[in-house]
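Using UniProt numbering, you'd call the opening residue of the sequence shown number 1 and step up by one each time.
We put the CB at the ideal spot given by N, CA and C, even for glycine.
Small disclaimer: the values here were computed from a predicted structure and weren't measured.
Shown next, in structure tokens, is the structure this report addresses.
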Amino acid sequence: MQKVHVIAHTHWDFEWYFTCQQARVQFAYHMAEVLQALADNQLDSYLLDGQLAIVDDYLQTNPDKRAAMMRFVKARRLFIGPWYTQIDEMVTSGEAIVRNLQLGHKLAADLGGVMKVGYLPDSFGQGQDMPKIYQGFDITATVFWRGMPHEKNARYFYWTASDGSKVLAANIKNGYYAGVDLIENDDTAALLHRIATDTQAHDLALPVGGDQRAVDFNLKDRLQYANQQTSDFELVEDNYPDFFKALSTSSDLPTYQGEFIDPSASKIHRGIYSSRADLKHLYDRLEHLMVDVVEPMMVISAHQGIEAQDGMVAHIWRAIARGQAHDSSGGCNSDATNQDIYQRGVEALQLAESVRDYLLRKLASGAPASLNVFFWNPTVRPVHQNGEITLATRGKHFS
Numbered sequence: 001m002q003k004v005h006v007i008a009h010t011h012w013d014f015e016w017y018f019t020c021q022q023a024r025v026q027f028a029y030h031m032a033e034v035l036q037a038l039a040d041n042q043l044d045s046y047l048l049d050g051q052l053a054i055v056d057d058y059l060q061t062n063p064d065k066r067a068a069m070m071r072f073v074k075a076r077r078l079f080i081g082p083w084y085t086q087i088d089e090m091v092t093s094g095e096a097i098v099r100n101l102q103l104g105h106k107l108a109a110d111l112g113g114v115m116k117v118g119y120l121p122d123s124f125g126q127g128q129d130m131p132k133i134y135q136g137f138d139i140t141a142t143v144f145w146r147g148m149p150h151e152k153n154a155r156y157f158y159w160t161a162s163d164g165s166k167v168l169a170a171n172i173k174n175g176y177y178a179g180v181d182l183i184e185n186d187d188t189a190a191l192l193h194r195i196a197t198d199t200q201a202h203d204l205a206l207p208v209g210g211d212q213r214a215v216d217f218n219l220k221d222r223l224q225y226a227n228q229q230t231s232d233f234e235l236v237e238d239n240y241p242d243f244f245k246a247l248s249t250s251s252d253l254p255t256y257q258g259e260f261i262d263p264s265a266s267k268i269h270r271g272i273y274s275s276r277a278d279l280k281h282l283y284d285r286l287e288h289l290m291v292d293v294v295e296p297m298m299v300i301s302a303h304q305g306i307e308a309q310d311g312m313v314a315h316i317w318r319a320i321a322r323g324q325a326h327d328s329s330g331g332c333n334s335d336a337t338n339q340d341i342y343q344r345g346v347e348a349l350q351l352a353e354s355v356r357d358y359l360l361r362k363l364a365s366g367a368p369a370s371l372n373v374f375f376w377n378p379t380v381r382p383v384h385q386n387g388e389i390t391l392a393t394r395g396k397h398f399s
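Given below as structure tokens:
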């Protein structure tokens, strides 16, 4: 008998064909349902889409709910993190992916605990270095949907990077909404047959949820009904960390290496790689400005006694992380949403440039008087090149 781990969750894009503001209103009411279902034991546990951006927004307007959330997080009934946003791995830089995870970990830890599962159920393709990045955060398992080719068709497997880093992976081939049929359809046998293909594992995952889907308060009743319809499967309410703990006992899982960007089983939307190039250029410029200029300059400035503005840096990275969400970075949104994304990027860029300019002035003013011109080289190696500078002089002619 195979065991089906039924995992209640939501997939909540914090912006898409709707704006972030519209999503915040919906999510506030959704969280009321989630907290009620957990308090009344109508659900054993619930997964908030593996991201903290929606929680961040929610607690800004509902700070009185923080204690209740923390209680359920600490009790391992409400699962949050490890991401700040559900990134697009193909468009986002490696350093920015790491920063996204860092931010998600910090906020989740402040609320009582981080779900140590690399949860990206809707990202449009999987990057080859993700196992390496996950291992850097002590994440040993991952869930994703899109990108698996037919020739690598195992539902559960070990995924390795070029350096040998390895994570246990669950490819939810039928989508993160597969379990909706458990709620809305009495044909239990057909559903269980679909999710049991391409694996010999004893333990199977069945996510129950969907885009902005209301909480399924009748999940326990539907589980009871499903168990009465089958003698080949046992369905239990569960969560991803415990599912992977059970799955790890399987001895016959294959191992795959490399990226997964094949549309065989699900779309990966290659068109987003070039859509809204203005957004991609803006956020790429912002990422490189922070990594290559602002943060190195801030370290050197601190060494010179100039106070570091860590809060300012964190604020900019939070804006960058919001631009990394798979729909936000893809630009596959309404015009109103894309306007929001662009404006956030512009404001963050202005902050980053202002920090750079201020620190340059402070460093220049502290330089020896013998230096008439102060140059800043943001790279880690010497640079020998010609360039142009603008000088302010008292008169038209100078020597």
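Judged by DSSP secondary structure, Glu184 falls within the alpha helix (DSSP H) whose first and last residues are 180-184.
DSSP places Val236 in the strand class (E or B) of the three-state scheme. Membership of Gln2 in the beta strand (DSSP E) is indicated by the continuous run 2-8. In the structure shown, Phe144 falls within a strand segment according to DSSP collapsed to helix, strand and coil. C-alpha of Asn333 to C-alpha of Trp145: approximately 21 Å in a straight line.
Annotated three-state conformation of Asn171 is strand, per DSSP. Taking a contact to require three or more Cβ pairs closer than 8 Å, the segment 244-255 and the segment 198-210 qualify as touching.
By the Cβ test, the segment 111-127 is in contact with the segment 138-158, since at least three Cβ pairs between them sit closer than 8 Å.
Contact between the segment 176-183 and the segment 205-219 is present: 3 or more CB-CB pairs across the two stretches fall below 8 Å.
Under the three-state reduction of DSSP, Trp159 is assigned to strand.
When only Cα atoms are considered, Asp110 and Leu101 end up about 14 Å apart. Approximately 15 Å separates the beta-carbon atoms of Gln126 and Glu151; this is outside 8 Å, ruling out the contact. Residues Gly210 of the same chain have their beta carbon placed closer than 6 Å to that of Tyr177, with the five preceding and five following residues left out of the count. In this chain, the beta strand (DSSP E) harbouring Ala205 covers 203-208. Distance from the CA atom of Glu307 to the CA atom of Ser301, rounded to whole angstroms, is 7 Å. The C-beta of Trp376 has fewer than 16 other C-beta atoms within 10 Å across all chains shown, which makes the residue exposed. If you draw a straight line from the Cα of Glu347 to the Cα of Val98, it comes to about 22 Å. Measuring C-alpha to C-alpha distances from Asn338 to each of Asp198, Ala277, Leu192, Ser45 identifies Ala277 as the nearest. Taking the C-beta atoms as reference points, Ala319 is found nearer than 9 Å to Arg344.
Annotation for Leu101: the continuous alpha helix (DSSP H) segment containing it runs 94-110. Under the DSSP definition of a beta bridge, Ile261 lacks any partner. Of the candidates Gly311, Asn372, Asn171, Val380, the residue whose Cα lies closest to the Cα of Thr393 is Asn372. Restricted to the segment 283-322, not a single beta strand (DSSP E) segment is unbroken, complete and at least 3 residues in length. In the displayed model, Gln42 falls within coil according to three-state DSSP, outside both helix and strand. When DSSP states are grouped into helix, strand and coil, Asp357 belongs to the helix group. A direct Cα-to-Cα measurement between His5 and Ala37 gives close to 19 Å. Straight across, the Cα-Cα distance linking Met290 with Ala352 is about 7 Å.
In this structure, DSSP gives Gln229 a helical state, which the three-state scheme calls helix. When the alpha-carbon of Ser365 is set against those of Gly305, Ala196, Gly330, the nearest one is in Gly305. Here Gln26 has Gln212 as same chain residues with Cβ atoms under 7 Å from its own Cβ, once five neighbours each way along the sequence are excluded.
Your pair His269 and Gly330 checks out as a contact, with CB atoms roughly 7 Å apart and the cut at 8 Å.
Taken through DSSP and simplified to helix, strand or coil, Ile268 comes out as coil. Ala170 and Leu359 have their C-alpha atoms spaced approximately 46 Å apart.
Inclusion of Leu35 and Gly81 in the CB contact set at 9 Å is not warranted, their separation being larger than that value. For Tyr58, the uninterrupted alpha helix (DSSP H) run begins and ends at 53-61, by DSSP.
Going by DSSP, Gly118 is part of the beta strand (DSSP E) stretching over 118-120.
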